[in-house]
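In my numbering, the protein residues as written are 17 to 149. Have a look at the structure below before the remarks.
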Ligand SMILES: [Zn+2]
């Protein structure tokens, strides 16, 4: 099933087209051209949706753990916040690349691509014309 192939390859950090090359070349930077098959992986958008997916997952997973910890152990809210905030931060930073890879893989699976007209329009913007506004 192609709809699941894209996110699966994305989460495995593999090229969406061939499944062998690397999708990312850094923490969140997409490798523009696959070194194995030459596919343009940068044309598939993720925009802010990966951040929304990450926030959704972190909140739904860790808030339940926080409620469980609050019910199980008697701790002050200051201590609970001091423990929970770094865990939330680390979980968010750990999940964000995988969410971005899955979103890019889903974009590839459904055929969503960046709008070349909109991106060329913003590339051609004249900075002096904007300053006159
Ligand atoms: Zn490839």
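All C-beta atoms, glycine included, are put in the ideal place defined by N, C-alpha and C. Being a predicted model, the structure only gives us computed values, none of them experimental.
Compute the beta-carbon to beta-carbon distance between residue i and residue j, rounded to the nearest angstrom, for a pair I have assumed lies under 8 Å.
{"i": "residue 42", "j": "residue 121", "result": "So it is not a contact: roughly 18 Å between Cβ atoms."}
{"i": "residue 52", "j": "residue 28", "result": "Contact doesn't hold; Cβ gap of about 14 Å is too wide."}
{"i": "residue 78", "j": "residue 95", "result": "16 Å between Cβ atoms; not a contact."}
{"i": "residue 60", "j": "residue 128", "result": "7 Å"}
Would you decide whether residue i is buried or exposed? Buried here means 16 or more other CB atoms lie within 10 Å of its CB.
{"i": "residue 22", "result": "buried"}
{"i": "residue 131", "result": "exposed"}
{"i": "residue 39", "result": "buried"}
{"i": "residue 34", "result": "exposed"}
{"i": "residue 37", "result": "buried"}
{"i": "residue 66", "result": "buried"}
{"i": "residue 93", "result": "exposed"}
{"i": "residue 125", "result": "buried"}
Considering only the beta carbon of each residue, do residue i and residue j sit closer than 9 Å?
{"i": "residue 75", "j": "residue 100", "result": "no"}
| task | Count the C-beta pairs between the stretch 37-57 and the stretch 109-121 that are closer than 8 Å, then say yes if the count reaches three, no if not. | result | yes
| field | At least 3 beta-carbon pairs within less than 8 Å: the stretch 61-71 vs the stretch 88-100 | value | no
| request: May I have a chain-ordered list of the alpha helix (DSSP H) segments no shorter than 4 residues that lie completely inside the stretch 89-131? | output: 93-126
| message | Give the list of continuous alpha helix (DSSP H) stretches no shorter than 4 residues that lie fully inside the stretch 21-91. | response | 65-88
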